[in-house]
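Asker: Here's a structure for you.
Residue numbers (this note's numbering), protein chains in the order written: chain A, 1 to 148; chain B, 149 to 408.
What follows is the structure, encoded as structure tokens:
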């Protein structure tokens with residue numbers, strides 16, 4: 001429920017002043033999610049996979065992770081979608097480790113790395129902060145997640 | 149540099165003392181409409197000049213990277229229960245990188261537009277264009293980040309924003325004298341492909357024993373999974389599954405009670 005704390009903190013005038021925020025006196029409270037935008041979202045791509053193909057071809061480093069106790073955009077959804085890219089495997093499926101615990105499982109493809117994060121919900125760094133930091137470190141180095 | 153210093157945060161109310169620098173403020177992305185995006189930069193805790201820039205976007209659409217990414221996921225501070233102050237997050241990503249939280253599109257969080265109709269017709273396209281404009285102009289304000297490695301990260305509906313912005317940057321770089329040195333992107337629990345996401349989602353519900361065989365079969369046989377708006381029959385199956393069979397859980401973390 002921590003977003004409740006944010007709803008209070010970021011509406012405090014002293015916080016907004018310190019952050020140089022709300023300088024134009026926006027006619028609505030700061031809120032974590034805008035219902036207006038969400039309900040009136042105008043255009044959305046049916047699929048992002050064509051962009052993945054274009055950016056893999058452009059040589060960008062692409063990592064996709066999935067917290068495996070989220071049911072809103074769950075790990076099975078991501079796996080079904082990534083499977084459509086039909087990428088060749090360079091490092092077959094293996095458990096990755098963080099602080100002697102299974103952090104999740106990972107598979108490295110030509111052009112993309114996929115990893116699950118065990119026990120993490122939709123906001124992976126909220127539930128598994130240490131594992132999320134390991135994800136960042138390995139991503140920045142361009143190295144597969146640790147095998148032990 | 150003058151405006152960068154004007155954006156410098158001396159200290160947030162109730163913030164513990166920190167050694168890294170932080171900045172926040174607005175970058176105008178469309179003068180005609182008066183659209184400006186709000187950002188919060190927390191520089192790396194050590195040797196910031198030698199560290200890459202990581203941009204974090206939350207999804208929704210319509211949700212704030214300050215509310216989620218910064219304040220409960222990867223940022224250096226957590227908000228305490230009474231919202232009277234902050235405490236440190238020892239697994240903050242600014243232990244490794246310079247971390248930029250962007251509230252996009254206009255209408256999210258502190259980001260605003262003077263043309264109120266923008267709130268009723270913004271989508272993927274405008275969000276990607278405005279976010280690119282933001283980065284280009286932000287780097288003019290923080291020129292030390294020009295030529296620095298840039299990575300885009302995010303989660304959920306930012307599974308759209310992040311690749312779409314990455315593509316905008318790649319296209320911009322193709323004819324720019326000041327290319328943005330984007331190295332890659334990383335997304336989590338990312339909205340990716342409507343049909344396969346939706347099919348995978350109901351399969352996850354069934355394989356994690358959240359719904360009955362009967363409901364699973366009905367969903368797979370009734371729903372189209374391709375379009376934004378499903379049939380009424382399909383919609384009512386979804387509601388039944390969530391209300392009656394999931395029951396009282398946090399769908400974002402299925403083994404936990406909901407946040408009331």
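Ideal Cβ placement from N, Cα and C applies to all residues, glycine included.
1. Among B/171, B/154 and B/268, which has the Cα closest to the Cα of residue 42 of chain A?
2. Count the other CB atoms within 10 Å of the CB of residue 389 of chain B; is the residue buried (16 or more) or exposed (fewer)?
3. Just verifying my parser: in three-state terms, what is the DSSP assignment at residue 331 of chain B?
4. For a test of the three-state rule: what should DSSP assign to residue 88 of chain A, helix, strand or coil?
5. May I have the straight-line CA-CA distance separating residue 70 of chain A from residue 404 of chain B, to the nearest angstrom?
6. Please state the DSSP three-state secondary structure of residue 207 of chain B.
7. What are the boundary residues of the alpha helix (DSSP H) that residue 321 of chain B is part of?
8. Out of curiosity, what's the CA-to-CA distance linking residue 73 of chain A and residue 140 of chain A?
9. Considering only their Cβ atoms, is the gap separating residue 312 of chain B from residue 276 of chain B smaller than 7 Å?
10. When you compare the CB of residue 191 of chain B with every CB in chain A, is at least one pair closer than 7 Å?
11. Is the number of C-beta pairs between the segment 157–176 of chain B and the segment 28–36 of chain A that are closer than 8 Å three or more?
12. Take residue 316 of chain B as the anchor and find which of A/6, A/144 and A/51 has the nearest alpha-carbon.
13. From B/228, B/201 and B/254, pick the residue whose C-alpha is nearest to that of residue 212 of chain B; which is it?
14. Pick helix, strand or coil for residue 397 of chain B, following the three-state DSSP scheme.
15. Below 6 Å CB to CB, which residues in the same chain sit around residue 191 of chain B once its five sequence neighbours on both sides are set aside?
16. Along the segment 68–86 of chain A, where does the CB come closer than 8 Å to a CB of chain D? Name the residues.
17. Is there a Cβ of chain A sitting closer than 7 Å to that of residue 381 of chain B, yes or no?
18. At a CB-CB cut-off below 7 Å, which residues of chain A make contact with residue 335 of chain B?
19. What is the residue span of the alpha helix (DSSP H) that residue 177 of chain B lies within?
20. Please specify which runs of the beta strand (DSSP E), each continuous and at least 3 residues long, are wholly inside the segment 217–284 of chain B, giving them in chain order.
21. When the Cα of residue 65 of chain A is compared with those of A/105, A/92 and A/83, which residue comes out closest?
22. Residues in the segment 25–55 of chain A with C-beta within 8 Å of chain B's C-beta atoms, listed in sequence order?
23. With a Cβ-Cβ cutoff of 7 Å, do residue 145 of chain A and residue 96 of chain A count as a contact?
24. With respect to the beta strand (DSSP E) encompassing residue 184 of chain B, which residues constitute its N-terminal and C-terminal limits?
25. Is it right to say residue 230 of chain B is buried, meaning 16 or more other beta carbons lie within 10 angstroms of its own, or is it exposed?
26. Would you call the CB atoms of residue 188 of chain B and residue 218 of chain B closer than 7 Å?
27. Under 7 Å Cβ-Cβ, which residues of chain A neighbour residue 161 of chain B?
28. Looking at residue 125 of chain A and residue 222 of chain B, is the spacing between their C-beta atoms short of 7 Å?
29. Kindly indicate which three-state DSSP category residue 23 of chain A falls into: helix, strand or coil?
30. With a cut-off of 7 Å, does the C-beta of residue 130 of chain A fall near any C-beta of chain B?
31. Taking 6 Å as the cut-off, is the C-beta of residue 254 of chain B nearer than that to any heavy atom in the ligand PLP?
32. Just to confirm the assignment, what range does the beta strand (DSSP E) spanning residue 299 of chain B have?
33. Cutting at 6 Å between CB atoms, please list the residues of its own chain near residue 375 of chain B, excluding the five before and the five after it.
34. With residue 250 of chain B and residue 201 of chain B assumed to form a contact (beta carbons below 8 Å), what rounded beta-carbon distance in angstroms separates them?
35. Three-state secondary structure (DSSP) at residue 33 of chain A?
36. Looking at the strands, I want to know which residues DSSP matches up with residue 139 of chain A.
Answerer: For this structure:
1. For the purposes of this step, residue 42 of chain A is identified with residue 42 of the first chain, where counting begins at 1. Taking only the C-alpha atoms, the option nearest residue 42 of chain A is B/268.
2. As a working mapping, residue 389 of chain B is identified with position 241 in the second chain. With 16 or more Cβ atoms within 10 Å of its Cβ, residue 389 of chain B is classed as buried.
3. In the second chain, residue 331 of chain B corresponds to position 183, counting from 1. Three-state result, residue 331 of chain B: strand.
4. Numbered from its first residue, the first chain carries residue 88 of chain A at position 88. The answer is coil: DSSP assigns residue 88 of chain A none of H, G, I, E or B.
5. Here the question's residue 70 of chain A lines up with position 70 in the first chain. Here the question's residue 404 of chain B lines up with position 256 in the second chain. Roughly 11 Å separates the two Cα atoms.
6. The sequence position of residue 207 of chain B within the second chain is 59, counting from 1. It is coil, neither helix nor strand.
7. Within the second chain, the letter at position 173 stands for residue 321 of chain B. Start and end: 306–321.
8. Stepping through the first chain from its first residue, residue 73 of chain A is reached at position 73. Stepping through the first chain from its first residue, residue 140 of chain A is reached at position 140. In a straight line, the C-alpha of residue 73 of chain A is about 24 Å away from that of residue 140 of chain A.
9. The residue you call residue 276 of chain B lines up with position 128 of the second chain. The residue you call residue 312 of chain B lines up with position 164 of the second chain. Closer than 7 Å, so yes.
10. Working through the second chain from its first residue, we reach residue 191 of chain B at position 43. Not one chain A Cβ lies under 7 Å of residue 191 of chain B.
11. no
12. Here residue 316 of chain B is taken as the residue at index 168 of the second chain, counted from 1. Closest by alpha carbon: A/51.
13. The residue given as residue 212 of chain B occupies position 64 in the second chain. When each option's Cα is compared against that of residue 212 of chain B, the closest is B/254.
14. To locate residue 397 of chain B, count along the second chain from 1; it is residue 249. It is coil, neither helix nor strand.
15. Position 43 of the second chain, counted from the first residue, corresponds to residue 191 of chain B. Excluding positions up to five away in sequence, the list reads 168, 169 and 246.
16. Reference to chain D is not applicable here, since the protein chains of this structure are A and B.
17. In the second chain, residue 381 of chain B corresponds to position 233, counting from 1. With 7 Å as the cut-off, residue 381 of chain B does not count as an interface residue toward chain A.
18. Translated into the one-based positions of the second chain, residue 335 of chain B becomes position 187. What residue 335 of chain B touches in chain A: 64.
19. Working through the second chain from its first residue, we reach residue 177 of chain B at position 29. Looking at the DSSP string, residue 177 of chain B is not in any alpha helix (DSSP H); the run it does join, the beta strand (DSSP E), is 170–178.
20. 225–227, 234–236 and 246–251
21. Residue mapping note: residue 65 of chain A aligns to position 65 of the first chain, counting from 1. Answer by Cα proximity: A/105.
22. 26, 30, 31, 32, 33, 34, 35, 36, 37, 38, 40, 41, 42, 43, 44, 45, 46, 47, 48, 49, 51, 52, 54 and 55
23. By 1-based counting over the first chain, the position of residue 145 of chain A is 145. By 1-based counting over the first chain, the position of residue 96 of chain A is 96. Cβ distance < 7 Å, so residue 145 of chain A and residue 96 of chain A count as in contact.
24. Translated into positions along the second chain, residue 184 of chain B becomes position 36. Per DSSP, residue 184 of chain B belongs to the beta strand (DSSP E) from 183–190.
25. Your numbering for residue 230 of chain B matches position 82 in the second chain. Residue 230 of chain B is exposed by the Cβ-count criterion.
26. Looking up residue 188 of chain B in the second chain gives position 40. Looking up residue 218 of chain B in the second chain gives position 70. Going by C-beta atoms, residue 188 of chain B is nearer than 7 Å to residue 218 of chain B.
27. Your numbering for residue 161 of chain B matches position 13 in the second chain. Result: 12, 14, 15 and 18.
28. For this step, residue 222 of chain B is matched to residue 74 along the second chain. For this step, residue 125 of chain A is matched to residue 125 along the first chain. In this structure, residue 125 of chain A lies closer than 7 Å to residue 222 of chain B by Cβ.
29. Here the question's residue 23 of chain A lines up with position 23 in the first chain. Coil.
30. Numbered from its first residue, the first chain carries residue 130 of chain A at position 130. Yes, because at least one Cβ of chain B sits closer than 7 Å to the Cβ of residue 130 of chain A.
31. Among the ligands in the structure shown, none appear at all, so the ligand PLP cannot be discussed.
32. If you number the second chain from 1, residue 299 of chain B lands on position 151. Looking at the DSSP string, the run of the beta strand (DSSP E) that includes residue 299 of chain B is 298–303.
33. Residue numbering aside, residue 375 of chain B sits at position 227 when the second chain is read from its first letter. Hits under 6 Å: none found.
34. Here residue 250 of chain B is taken as the residue at index 102 of the second chain, counted from 1. Here residue 201 of chain B is taken as the residue at index 53 of the second chain, counted from 1. Between residue 201 of chain B and residue 250 of chain B the Cβ distance is about 11 Å, and since that is not below 8 Å, they are no contact.
35. Against the first chain, residue 33 of chain A aligns to sequence position 33. Here residue 33 of chain A sits in strand by DSSP.
36. Taking the first chain and counting its residues from 1, one reaches residue 139 of chain A at position 139. Paired residue(s): none; residue 139 of chain A is not in a bridge.
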